[in-house]
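Participant: First residue of the sequence shown: 7, per this note's numbering; consecutive thereafter.
Attaching a single structure in structure tokens format; questions to follow.
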Amino acid sequence: MITVRALVGALALACIASAQLPVSVATTTKSSGPLVGVTHALSVDGATCGLSRAENWIRVAGFPASPPAPLPIAPTAGGGALPDYRIASIVGAATAAVIDIDAISIGFDLIHSNTSGVMIPPPPPATYLLSFSVTRGTVGVAGPIRAESSATDGNAADLFSYTVRGPGPIDRVDLAQDSTEIRLECGRIGDMDAHDLYIPLYYGAPFMLQMLSHVPAEYYFSVTSATAPLCPTAWWAGTRPSGATVLWTSWTGTAWTPIRPFVTYSQLGLQETAELDALAVAPRFLPVRWMLYSTGDGRPDPIMIYGVTPALGPFVYTVMAAGGPVPVSRRIGLGTGGTDDVDAICSIDPGFAGPPPIWHIGPGGPVPGVLPAPLVTTSGMLTIGESRTSTGFLLELVGCPPAGCLAPSIDLFLLAFAGTTSWIITTPLSLPLGANVLEVQLAFPQPALYGIDLDAYWLRTNPGLSFFDASDPVRVHF
Numbered sequence: 007m008i009t010v011r012a013l014v015g016a017l018a019l020a021c022i023a024s025a026q027l028p029v030s031v032a033t034t035t036k037s038s039g040p041l042v043g044v045t046h047a048l049s050v051d052g053a054t055c056g057l058s059r060a061e062n063w064i065r066v067a068g069f070p071a072s073p074p075a076p077l078p079i080a081p082t083a084g085g086g087a088l089p090d091y092r093i094a095s096i097v098g099a100a101t102a103a104v105i106d107i108d109a110i111s112i113g114f115d116l117i118h119s120n121t122s123g124v125m126i127p128p129p130p131p132a133t134y135l136l137s138f139s140v141t142r143g144t145v146g147v148a149g150p151i152r153a154e155s156s157a158t159d160g161n162a163a164d165l166f167s168y169t170v171r172g173p174g175p176i177d178r179v180d181l182a183q184d185s186t187e188i189r190l191e192c193g194r195i196g197d198m199d200a201h202d203l204y205i206p207l208y209y210g211a212p213f214m215l216q217m218l219s220h221v222p223a224e225y226y227f228s229v230t231s232a233t234a235p236l237c238p239t240a241w242w243a244g245t246r247p248s249g250a251t252v253l254w255t256s257w258t259g260t261a262w263t264p265i266r267p268f269v270t271y272s273q274l275g276l277q278e279t280a281e282l283d284a285l286a287v288a289p290r291f292l293p294v295r296w297m298l299y300s301t302g303d304g305r306p307d308p309i310m311i312y313g314v315t316p317a318l319g320p321f322v323y324t325v326m327a328a329g330g331p332v333p334v335s336r337r338i339g340l341g342t343g344g345t346d347d348v349d350a351i352c353s354i355d356p357g358f359a360g361p362p363p364i365w366h367i368g369p370g371g372p373v374p375g376v377l378p379a380p381l382v383t384t385s386g387m388l389t390i391g392e393s394r395t396s397t398g399f400l401l402e403l404v405g406c407p408p409a410g411c412l413a414p415s416i417d418l419f420l421l422a423f424a425g426t427t428s429w430i431i432t433t434p435l436s437l438p439l440g441a442n443v444l445e446v447q448l449a450f451p452q453p454a455l456y457g458i459d460l461d462a463y464w465l466r467t468n469p470g471l472s473f474f475d476a477s478d479p480v481r482v483h484f
């Protein structure tokens, strides 16, 4: 039987005999939750930090020292050239120069809902996750959205996350990435008006590219109502140009197909003059292909849901609570009346196990732990965010308030084969007083090991072993 003291002692001895993991310390982050430091794609409006609105931008993993870099041309693998997600490649350079894309999705968003637009939270330890930004001028009524509205840089260029599990629901809202960490540092005028967590998967390790080359690649987007009339007439397929119509195109292996409507403004019950601010589209193989969206004025609610096939709704997106469904927008801290609105949204189910296996290579999902009590005690203070790079993983371990840890602690990082105590890596971590983030870098294993699942743990105790805390273990798919 594994005892607490025996485990801690064994880990300490193992670490003396093994090389330390490369770890760097970030000391000033305000952010928390499972998306701290995670890479994602984004776009901005024309007033943000001098960045072009006619481009997708990549927020690189970790805490970069330079602004997001423009997307490169995707490399080739397996079934031919992978999609080029640069805006000029999708719509043409001349059109990209005059339109403003307002919302994006590549159709990988796993959206939880019953047929009435009600989110049913998964049982613990599984979680469901929404990432989102808010429009410039959003004030909020509670939580980090409200707190950031009075910050020097405002809240419109921040990334937030909403993590939920059942029953109850048990949920939390985090400032996932402050605008200073995304490097959208231009005061209160900064605005992240589109966001997608899945595009960066195409710029990872070679084995990932081989897998992705066999997954249908699509691009869904809307444009601002002001620039809709500047789009090519053929895009609208006989319908009226509108900022509330979702357009789409697919990758043939060498180029994007002609752009056409995916969902029109009339299907959503909107006027031609309306506008969509946020968009998340579910994969085509699911029984109901849901779409999350927001309108330019946040009405009738800042987060709406619509079933594309079969046609369902639209509904206000709600989450099942003890007294019945409650709008998700209220749970995340947004107000009513059209002042508060969501500007970008993405949906993740880290535990999704169905085909194709692409979701295994996104953000890691919490799984049941196998450590003995009290090592399974979880206060919610410790979290692990995961990003894939071209050479491995970057794990962000967040475990203290923004002011940093105020008491000495012993921190241990463990990596084991999934669901076992067969440890591959055990190493102590040094989190200096005043610091609250550690970056752990893991190189990819040899190609022969690709496809294995590993569980990452972060444990904290004190020198006297009188208290223990742990993050939810996160499953990492190599």
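Built from N, CA and C at the ideal position, the CB exists for glycine as well.
Bear in mind the structure is a predicted one, so any value in this text is a computation, not a measurement.
#1: By how many angstroms is the C-alpha of S219 removed from the C-alpha of G84?
#2: Are there 16 or more other CB atoms within 10 angstroms of the CB of N468, so buried, or fewer, so exposed?
#3: Strictly by DSSP, which residues pair up with A1?
#4: Rounded to the nearest angstrom, what separates I176 and P222 at their Cα positions?
#5: Could you tell me if Q216 is buried or exposed, where buried requires 16 or more neighbouring beta carbons within 10 angstroms of its beta carbon?
#6: Please give me, in chain order, every unbroken run of the beta strand (DSSP E) with length at least 3 that falls completely inside the region 265 to 315.
#7: Going straight from the alpha carbon of G160 to that of T255, what length do you get?
#8: For I79, which residues from the same chain have a beta carbon less than 6 Å from its beta carbon, with the 5 sequence-adjacent residues on both sides left out?
#9: Is the beta carbon of W296 closer than 8 Å to that of A288?
#10: Residue range of the beta strand (DSSP E) that G330 falls in?
#11: Identify whether P434 lies in helix, strand or coil by the three-state DSSP scheme.
#12: Quick check on A426: buried or exposed, where buried means 16 or more other Cβ atoms within 10 Å of its Cβ?
#13: Classify P81 as buried or exposed, calling it buried when 16 or more other Cβ atoms lie within 10 Å of its own Cβ.
#14: Inspect the beta-carbon positions of S156 and M198 and report whether they are closer than 8 Å.
#15: Helix, strand or coil, according to DSSP, for M226 in the structure here?
#16: Run through the region 144 to 198 for me and flag every whole alpha helix (DSSP H) of 4 or more residues, listed as ranges in chain order.
#17: Can you list, in chain order, the residues of its chain whose CB lies under 6 Å from that of T186, leaving out five sequence neighbours each side?
#18: Would E402 pass as a contact of V482 if the rule is Cβ separation under 8 Å?
#19: List, from N- to C-terminal side, the alpha helix (DSSP H) runs of 4 residues or more that fit wholly inside the region 79 to 125.
#20: Helix or strand or just coil, what does DSSP make of Y208?
#21: Could you give the first and the last residue of the continuous beta strand (DSSP E) run that contains G319?
#22: Where does G123 land, buried or exposed, given buried means 16+ other C-beta within 10 angstroms?
#23: On the three-state DSSP scale, how would you describe L218?
#24: Just the Cα atoms here: how many angstroms apart are I151 and I265?
#25: Return the CA-CA distance between P378 and L48, expressed in angstroms with no decimal places.
#26: Thinking just about the alpha-carbon of each residue, which of I431, D417 and G405 is nearest to the one in P40?
#27: Return helix, strand or coil for L388, following the three-state DSSP convention.
#28: Please state the DSSP three-state secondary structure of R481.
#29: Is it true that the CB of A182 sits closer than 8 Å to the CB of L165?
Facilitator: Answer, in terms of the structure:
#1: Here residue 84 corresponds to residue number 78 of the sequence shown, with the count starting at 1. Here residue 219 corresponds to residue number 213 of the sequence shown, with the count starting at 1. Caution is warranted here: a pLDDT of 36 is assigned to G84, below 50, making its placement in the model unreliable, and the coordinate value is therefore given only provisionally. About 6 Å.
#2: Mapped onto the sequence shown, residue 468 falls at position 462. Classification for N468: exposed.
#3: The shown model of the chain, from 7 to 484, leaves out residue 1, and the question about it has no answer.
#4: In the sequence shown, counting from the first residue as 1, residue 176 sits at position 170. In the sequence shown, counting from the first residue as 1, residue 222 sits at position 216. Those two C-alpha atoms are separated by around 35 Å.
#5: As a working mapping, residue 216 is identified with position 210 in the sequence shown. Q216 should be labelled exposed.
#6: Listed in chain order, the complete beta strand (DSSP E) runs (minimum 3 residues) inside the region 265 to 315 are 266 to 269, 282 to 287, 295 to 301 and 310 to 315.
#7: Along the sequence shown, one-based indexing puts residue 160 at 154. Along the sequence shown, one-based indexing puts residue 255 at 249. If you take the alpha carbons of G160 and T255, they lie about 34 Å apart.
#8: Here residue 79 is taken as the residue at index 73 of the sequence shown, counted from 1. Only weak support exists for where I79 lies, its pLDDT of 43 falling under 50; the value from the coordinates is given anyway. Cβ within range, chain order: D90.
#9: The residue you call residue 288 lines up with position 282 of the sequence shown. The residue you call residue 296 lines up with position 290 of the sequence shown. The answer is yes: Cβ separation under 8 Å.
#10: Locating residue 330 in the sequence shown gives position 324, counting from the first residue. G330 to P333 is the span of the beta strand (DSSP E), which, as asked, contains G330.
#11: Along the sequence shown, one-based indexing puts residue 434 at 428. Strand, per DSSP.
#12: Along the sequence shown, read from residue 1 onward, the residue named residue 426 stands at position 420. Contrary to the premise, residue 426 reads as Thr rather than Ala in this sequence. Counting the other CB atoms within 10 Å of its CB gives T426 a total below 16, which places it among the exposed residues.
#13: Here residue 81 corresponds to residue number 75 of the sequence shown, with the count starting at 1. At P81 the pLDDT is 38, less than 50, meaning the model places this residue with poor confidence; the figure from the coordinates comes in the next sentence. Its Cβ having fewer than 16 others within 10 Å, P81 is exposed.
#14: In the sequence shown, counting from the first residue as 1, residue 156 sits at position 150. In the sequence shown, counting from the first residue as 1, residue 198 sits at position 192. The answer is no: Cβ separation not under 8 Å.
#15: Residue mapping note: residue 226 aligns to position 220 of the sequence shown, counting from 1. Note on residue identity: the sequence assigns Tyr, not Met, to residue 226. Strand.
#16: Runs of the alpha helix (DSSP H) inside the region 144 to 198: 149 to 155 and 185 to 188.
#17: Residue mapping note: residue 186 aligns to position 180 of the sequence shown, counting from 1. Excluding its 5 nearest sequence neighbours in each direction, T186 has no C-beta neighbour in its own chain below 6 Å.
#18: Against the sequence shown, residue 402 aligns to sequence position 396. Against the sequence shown, residue 482 aligns to sequence position 476. No, Cβ-Cβ distance for E402 and V482 is not below 8 Å.
#19: DSSP runs (the alpha helix (DSSP H)) wholly in the region 79 to 125: 93 to 97 and 99 to 102.
#20: Taking the sequence shown and counting its residues from 1, one reaches residue 208 at position 202. In the three-state reduction of the DSSP assignment, Y208 falls in the helix class.
#21: Walking along the sequence shown from the start, residue 319 turns up at place 313. If you look at G319, you'll find it in the beta strand (DSSP E) that goes L318 to V322.
#22: Working through the sequence shown from its first residue, we reach residue 123 at position 117. With 16 or more other Cβ atoms within 10 Å, it is buried.
#23: Here residue 218 refers to the residue found at position 212 of the sequence shown. The three-state reading of DSSP puts L218 in helix, counting H, G and I together.
#24: As a working note, residue 151 is residue 145 in the sequence shown. As a working note, residue 265 is residue 259 in the sequence shown. One alpha carbon belongs to I151, the other to I265, and they sit about 35 Å apart.
#25: Position 372 of the sequence shown, counted from the first residue, corresponds to residue 378. Position 42 of the sequence shown, counted from the first residue, corresponds to residue 48. Approximately 41 Å between the Cα atoms of the pair.
#26: Locating residue 40 in the sequence shown gives position 34, counting from the first residue. P40 has its Cα closest to that of G405, out of I431, D417 and G405.
#27: Taking the sequence shown and counting its residues from 1, one reaches residue 388 at position 382. Reduced to three states, the DSSP call for L388 is coil.
#28: Along the sequence shown, read from residue 1 onward, the residue named residue 481 stands at position 475. It is a strand residue.
#29: Here residue 165 corresponds to residue number 159 of the sequence shown, with the count starting at 1. Here residue 182 corresponds to residue number 176 of the sequence shown, with the count starting at 1. Using a Cβ distance threshold of 8 Å, L165 and A182 count as a contacting pair.
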